[in-house]
Amino acid sequence: MLDIAFSDASLPASGTIAILAASGGAPAGALAALDAAVGGALTRAAKATGFGFDAAKTCVVLAPGAGYDRVVLVGLGALDALDGAVAEQAGVAAARALSDAGTSGVVVADGIAPDLAAHVALGVVLGSYRFDSYRTRPRKGDAGPLAAVTVACADPAAAQAAWQPLSAVARGVFLCRDLVSEPANMLRPPEFEQRILALRDLGVEVEVLDRDAMHKLGFGALLGVAQGSDAPPRTVIMRWNGGTDGAAPVAFVGKGVTFDSGGISIKPAAGMDEMKTDMAGAAAVVGTMAALAGRKAKVNAVGVVGLVENMLSGNAQRPGDVVRTAAGQTVEVLNTDAEGRLVLADVLWYTQDRFKPRFMVNLATLTGAIVVSLGVERAGLFSNNDGLAGHLSATGEQTGEKLWRMPMDASYLELLRSDIADLKNIGGRPGGSITAAKFLECFVNDVPWAHLDIAGTAFTSKATSHAPRGATGFGVRLLDRMVGTYYEG
Ligand code: BES
Ligand code: MN
Ligand code: ZN
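Basically my numbering = 1-based index in the sequence shown + 809.
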């Protein structure tokens, strides 16, 4: 992760500078000083290009004079609308402009409060993310990763203090993105387990259930999905005990299908490679636990991830097979590609049964149908509890990891009645995300629960306001902030 330092707002004498300012009004502070030092080149460039310091918009001014290589003007938008989310987006934009030029730079944020300067730093870090593990040589014209950025602001000590917890969140987001970006041959359940064990360094307790342990617990649905793969499945339990001794924890559960071929109900070849990201729910849970532990959140939290590979083989699960879940209910598996709900059925039941949590939120790249409903802008929110759903929705708007609540009428459950078992694992194309959610609901007992279908938001084909192209880390900032706002202390 890129190094962030904070300094006072005196301007560097040369090099690359990104300078943040709000829209409306004449240039002030550092911007006015820098503009004067370069003979008004900045205001002339802004005028010539119609640049008005709108939020997260940039204007690059090359060699404006006085020894500067380039100055990037970054908009903060209207001051009365400036909040942490806007500051982050400006930071992301600054990082993009800086990394075009080289590996370091200064971001000047002199006109804003210290906590907003810290959010600018968070944006700079999130925008600088790259996954370079498998490059042995740089791409043509690549200046290399941003390695060090100094944020110049009015009160660097206060900004540094506000950055401390945010840096833990950034590390959680990076961990999530790294896991999602890994190719499926490099990250099968045992390797995923190893990556989670590293959280012990942060004070997280980690416990692993192997195939035998899951067999004893009756995880017939999860094990049915796993049986076609040579890679053994795992359920991994993470615990962060930062709250009152013995107080009921909050719980996060993730779908961790390290590759989803569809199984015998095999997927079409085109785009199948993207199914290496079918563990993004589990990655978000791991990233969230890392964020909470990294900033020593005053909460008891458990994260539980079900890790399996959905493959074909002579021993793979067949369409029509019946499995028995840990909850005791039987399921007729009519489509082996509807595997996420089978994995989650056992893990959700186990989590509520063992930990009796205050609430349980699961994340899963569960259905293609949610991408049809909501596109890539919002994840689907399904819940049996209005209070929890409200907390998630509100935090989604604040962090930009936006949700949209979907219906859960009892009548949808009728579509999951099987001829020979308690449930079948598909409900037909109409309302496909909703029947998937109703299936999960059968395994949560009466615990306050929410399911986030992140199939459209975990991975992006073009850069967004918070992430470069590729893995977004969706869910980590959302859940970390929801815990901080409503469940800590
Ligand atoms: N992992 C997929 C869902 C998915 C699709 C995630 C596209 C990301 C992008 C899931 O396991 C799946 O295959 N769902 C099926 C369910 C169907 C067989 C009922 C789907 O959505 O087609
Ligand atoms: Mn599938
Ligand atoms: Zn899947």
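Glycine included, C-beta positions come from ideal geometry on N, C-alpha and C.
Report whether the distance from the Cβ of residue i to the nearest heavy atom of the ligand BES is below 7 Å.
| i | result |
| --- | --- |
| T1176 | yes |
| M1088 | no |
| I1075 | no |
| V1180 | yes |
| M1084 | yes |
| A1264 | yes |
| I921 | no |
Considering just the uninterrupted stretch of the beta strand (DSSP E) at residue i, what are its terminal residues?
| i | result |
| --- | --- |
| H1024 | Careful: H1024 lies outside any beta strand (DSSP E), inside the alpha helix (DSSP H) at 1020-1025. |
| K1064 | 1059-1069 |
| Y877 | 877-884 |
| M1047 | 1043-1050 |
| F1028 | Neither: F1028 is in no beta strand (DSSP E) and is coded neither H nor E. |
| G792 | As shown, the chain starts at 810 and ends at 1298. That puts residue 792 outside it, with no answer to give. |
How is residue i classed by DSSP in three states: helix, strand or coil?
| i | result |
| --- | --- |
| A1219 | helix |
| I1179 | helix |
| E1002 | helix |
| T1097 | helix |
| P974 | helix |
| E1210 | coil |
| E755 | The first residue shown for the chain is 810 and the last is 1298, placing residue 755 beyond what the model contains. |
| M1169 | strand |
| L1261 | strand |
| V901 | helix |
| C985 | helix |
| R1163 | helix |
Report all residues from its chain with a CB closer than 7 Å to the CB of residue i; omit the five preceding and five following residues, and keep chain order.
| i | result |
| --- | --- |
| L1121 | G1037, S1070, G1072, I1073, I1075 |
| R1048 | V1013, E1014, V1111 |
Is the closest heavy atom of the ligand FMN to the C-beta of residue i under 7 Å?
| i | result |
| --- | --- |
| G1149 | This structure simply doesn't include the ligand FMN; it includes the ligand BES, the ligand MN and the ligand ZN instead. |
Along the alpha helix (DSSP H) that carries residue i, what are the first and last residues, could you check?
| i | result |
| --- | --- |
| H1275 | Per DSSP, H1275 belongs to no alpha helix (DSSP H) and is neither H nor E. |
| E1118 | Where E1118 is concerned, there is no enclosing alpha helix (DSSP H), although the beta strand (DSSP E) it sits in stretches over 1109-1119. |
| G1241 | 1241-1250 |
| A926 | 923-936 |
| A850 | 850-858 |
Look at the Cβ atom of residue i, then the Cβ atom of residue j, and state whether they are nearer than 8 Å.
| i | j | result |
| --- | --- | --- |
| L882 | V895 | no |
| A1198 | I1263 | no |
| L975 | A1099 | no |
| G1284 | L1172 | yes |
| V1325 | L1232 | Within the shown structure, residues of the chain are numbered from 810 to 1298, placing residue 1325 beyond reach of any answer. |
| L885 | L840 | no |
| V1095 | I1229 | no |
| V1045 | M1169 | no |
| A952 | A910 | yes |
For residue i, which residues in the same chain have their Cβ closer than 6 Å to its Cβ, ignoring the five residues on either side in sequence?
| i | result |
| --- | --- |
| A1102 | L1011, G1012, V1013, W1049 |
| V989 | T1086, A1089, A1092, A1280 |
| A837 | none |
Report whether the distance from the Cβ of residue i to the nearest heavy atom of the ligand MN is below 7 Å.
| i | result |
| --- | --- |
| G1071 | yes |
| N1119 | yes |
| D1146 | yes |
Taking only heavy atoms of the ligand ZN into account, decide whether any of them is closer than 7 Å to the Cβ of residue i.
| i | result |
| --- | --- |
| V1066 | yes |
Got a sec? Which residues, its chain only, sit under 8 Å from residue i by beta carbon, not counting five neighbours each side?
| i | result |
| --- | --- |
| P1041 | P998, P999, D1019, R1020, A1035 |
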